[in-house]
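For the sequence shown, the positions run 9 to 544 when the working numbering is used.
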Amino acid sequence: MTKVLIVGSGASGVHFALTLLQKGYQVIMLDVGRERPDPVNPEDSFNDLKNNLSDPVNYFLGENYEAVVYPGSTGEYYGFPPNKQYIFDTPEQFEWKATGFAPLFSFARGGLAETWTGGVYPLNAEELRDFPFDYSELTHYYNEISKRIGISGTIDDLARFYPVHDYLLDPLRLDNQSSILLEAYQRHRNYLNTELNCYLGRSRVATLTGEREGRKACSYCGRCLWGCPSGAFYTPSITLRECFSFSNFKYYPNIYANYFKTNRHGRLESIVVESTGMKKHEEIQADTFVLAAGTLSSSKIMLDSIHRENGGNIKLTGLMDNRQILIPFINLNLVGHQYDAESYQYHQLAMGIVGEDTGKYYHALITTLKTALVHPIVQNIPLDLRTALNIFRNVRAGLGVVNLNFDDHRRETNYVTLETDKNTGETRLLINYLPPENESAVLKRTVKTVKKVLRKLGCIVPPFMMHLRPMGASVHYAGTIPMSEHPAPLTTSKYGQSHDYENLYFADGSTFPALPAKNLTFALMANAARIADRQF
């Protein structure tokens with residue numbers, strides 16, 4: 009039986025593994041694998057949790073108050089709660105330095121998608137035009153992933169941008185503000201479509217609206233941001249648990265993957281690893297190797313492998329990420345109303361905008377802020393604290409934020425490479441990113457359109473509160489080992505097979521030759537299943 013070794017347990021890795029396991033392959037998965045803490049008081053709602061916890065301050069703000077955002081910081085309007093910090097813990101072996109980029113890394117079971125917001129948006133034929141395969145190759149795998157993870161949504165005006173796949177579950181119950189916004193859109197639909205090239209509808213989210221395979225339906229407990237206690241909200245660790253049920257699956261946690269070794273014929277024969285917290289190296293052999301550690305981590309393993317082979321430090325160019333802008337708003341129809349904490353907390357509405365001058369699709373998610381931490385929002389209001397808090401209490405039910413996403417393309421100026429310590433020989437990942445020259449004008453025009461849309465929906469955008477997120481904040485990294493129709497060094501085939509090492513495959517975003525504005529996680533999962541199914 010062929011032995012396939014996969015590095016990483018994120019969204020790509022687990023679906024690659026599950027596809028191979030179903031085909032009978034022997035699969036080994038290497039993972040640092042930081043584990044999620046068990047959910048506390050799983051039957052409690054968000055409000056119950058505040059009342060029932062013995063130490064709610066510790067849970068919500070952290071043992072060392074690490075969730076506190078201090079005045080003057082350039083933080084987000086909603087950050088990561090303390091119980092999700094394990095997702096971002098990095099082993100001491102992994103060192104990096106970035107210029108123009110603020111990367112996030114994860115060595116947790118399930119990877120960075122353990123803290124995603126569940127948006128599942130299939131790339132359409134137009135968005136795949138720079139890929140060496142067409143949309144028809146992904147259709148079956150969109151359906152397969154939808155069946156595996158559970159996706160709720162509906163067919164509405166956004167179907168012009170989001171291809172409709174099978175196994176779509178009933179949509180989630182809308183919170184009050186989302187209902188009001190959707191009703192306002194229906195009243196002004198013709199104007200928004202024809203004058204602003206804007207379309208609004210329901211998000212498609214990886215959250216169950218009915219029980220299935222041991223996972224409960226969403227209970228609207230209000231704890232999404234803090235970690236779904238019922239399994240209704242999908243994360244890759246759920247699929248990893250499914251992999252454990254196969255006798256042909258071996259999972260090795262607490263393992264840090266360093267680099268590959270080749271034989272005299274240029275094929276990979278082993279990967280050099282070490283246990284986290286230790287410096288003892290060992291080798292693990294396999295027939296075929298798969299990198300699914302995430303674009304940056306997979307790139308480092310590739311760079312280290314080349315460095316160990318010939319001593320050189322090359323560049324992997326073409327790093328991409330989605331620029332994001334957070335646009336807070338207040339729905340004037342809800343000023344003075346009570347907010348409902350017991351509702352779904354992530355985005356329930358999405359918006360598609362077609363740039364009048366570019367013809368490009370810009371992707372926006374609308375989140376109504378209900379159980380997010382209060383203080384990061386309040387201290388961004390440009391008034392004294394007492395006044396800001398009084399205003400916040402009065403407008404809380406109408407608060408929301410638009411997360412506006414832009415596409416990216418590969419450029420030589422954006423790259424990853426290695427820096428070698430002359431004394432120890434250890435390597436550090438260097439990341440360099442420069443935004444495109446015309447970015448400012450595109451952002452300005454698109455934000456102007458979003459503000460017009462919000463005004464039409466009965467909302468205002470407070471001055472001086474818009475937040476331009478740094479590159480790297482979206483964690484939608486891609487492009488460093490791109491797929492190519494023509495074999496060339498540091499590229500792959502359309503099936504993710506390395507053109508440098510014939511028994512090496514890349515199953516994550518590193519192979520994407522372009523990055524549309526949509527969240528790419530659904531496409532990553534479908535593409536990983538496609539490669540595993542068609543190449544093995």
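Backbone N, C-alpha and C define an ideal beta-carbon position, used for all residues, glycine too.
query: Quick one: any contact between the stretch 109 to 129 and the stretch 237 to 245, if contact means 3 or more CB pairs under 8 Å?
result: yes
query: In the DSSP assignment, what are the bridge partners of residue 514?
result: Here residue 514 corresponds to residue number 506 of the sequence shown, with the count starting at 1. BP columns for residue 514 point to 299.
query: If you scan the stretch 201 to 266 from start to end, which runs of the alpha helix (DSSP H) of 4 or more residues do you find wholly inside it?
result: 244 to 251
- prompt: Which residues bound the beta strand (DSSP E) around residue 423?
  reply: Here the question's residue 423 lines up with position 415 in the sequence shown. Residues 423 to 428.
query: Roughly how many whole angstroms lie between the Cα atoms of residue 183 and residue 112?
result: For this step, residue 183 is matched to residue 175 along the sequence shown. For this step, residue 112 is matched to residue 104 along the sequence shown. About 31 Å.
4-residue-minimum alpha helix (DSSP H) runs that sit fully inside the stretch 14 to 87, ordered along the chain: 19 to 30, 54 to 60, 64 to 69
field: Beta-carbon spacing of residue 415, residue 368 below 8 Å
entry: For the purposes of this step, residue 415 is taken as residue 407 along the sequence shown, with counting starting at 1. For the purposes of this step, residue 368 is taken as residue 360 along the sequence shown, with counting starting at 1. Yes, they are a contact pair.
query: Looking at the structure shown, is residue 90 part of a helix, part of a strand, or coil, going by DSSP?
result: Counting from one through the sequence shown, the residue named residue 90 turns up at place 82. Of the three classes helix, strand and coil, the one that applies to residue 90 here is helix, per DSSP.
Strand pairing of residue 194, partner residues [DSSP]: Reading the sequence shown from its first residue, position 186 is the one you call residue 194. Answer is none; residue 194 lacks a bridge partner.
- request: Leaving out five residues on either side along the sequence, give the residues of the same chain with a beta carbon under 6 Å from the beta carbon of residue 64.
  value: By one-based count along the sequence shown, residue 64 stands at place 56. Answer for residue 64: 58, listed in chain order.
field: Touching by the beta-carbon criterion (3+ pairs, under 8 Å), the stretch 481 to 499 and the stretch 322 to 334
entry: yes
Beta-carbon spacing of residue 420, residue 438 below 8 Å: The sequence position of residue 420 within the sequence shown is 412, counting from 1. The sequence position of residue 438 within the sequence shown is 430, counting from 1. The answer is no: Cβ separation not under 8 Å.
field: Local Cβ density within 10 Å of residue 158, reported as buried at 16 or more and exposed below that
entry: Start at 1 with the first residue of the sequence shown, and residue 158 comes out as number 150. Counting Cβ neighbours within 10 Å, residue 158 comes out buried, since at least 16 surround it.
field: Bridge partner(s) assigned by DSSP for residue 486
entry: Position 478 of the sequence shown, counted from the start, is the residue given in the question as residue 486. Beta-bridge pairing links residue 486 to 328.
field: For residue 127: DSSP bridge partner residues
entry: Numbered from 1 along the sequence shown, position 119 holds the residue referred to as residue 127. Its beta-bridge partners are 213.
- prompt: Ordered along the chain, which non-local residues of its own chain (more than five positions away) have a Cβ less than 6 Å from that of residue 325?
  reply: In the sequence shown, the residue the question calls residue 325 occupies position 317. These residues qualify, in order along the chain: 420, 423.
- prompt: What's the C-alpha gap between residue 241 and residue 228?
  reply: Working through the sequence shown from its first residue, we reach residue 241 at position 233. Working through the sequence shown from its first residue, we reach residue 228 at position 220. Approximately 11 Å between the Cα atoms of the pair.
For residue 261 and residue 631, the rounded distance between their alpha carbons: Here the chain comprises residues numbered 9 to 544, so residue 631 is not present and cannot be evaluated.
field: Segments assigned alpha helix (DSSP H), at least 4 residues, entirely inside the stretch 96 to 162
entry: 144 to 157
task: Under the assumption that residue 479 contacts residue 109 (Cβ atoms under 8 Å), give the Cβ distance between them as a whole number of angstroms.
output: Your numbering for residue 479 matches position 471 in the sequence shown. Your numbering for residue 109 matches position 101 in the sequence shown. Their Cβ separation, rounded to whole angstroms, is 5 Å, which keeps residue 479 and residue 109 in contact under 8 Å.
- request: Using the Cα positions of residue 255 and residue 232, report the straight-line distance between them to the nearest angstrom.
  value: The sequence position of residue 255 within the sequence shown is 247, counting from 1. The sequence position of residue 232 within the sequence shown is 224, counting from 1. Taking the straight line from one Cα to the other gives about 33 Å.
task: Measuring alpha carbon to alpha carbon, tell me which of 397, 394, 102, 348 ends up nearest residue 8.
output: Any question about residue 8 goes unanswered here, given that the chain covers just 9 to 544.
query: In three-state terms, what does DSSP make of residue 369?
result: Along the sequence shown, one-based indexing puts residue 369 at 361. In the structure shown, residue 369 sits in a strand (DSSP, three-state: E or B).
- request: Using only alpha-carbon positions, find the residue among 448, 201, 418 that is nearest to residue 440.
  value: Within the sequence shown, residue 440 is the residue found at index 432, counting from 1. The shortest C-alpha separation from residue 440 is found at 418.
- prompt: Going by beta carbon distance, what residues of the same chain come within less than 7 Å of residue 454, once the five residues before and after it are set aside?
  reply: Along the sequence shown, one-based indexing puts residue 454 at 446. Around residue 454: 361, 363, 370, 412.
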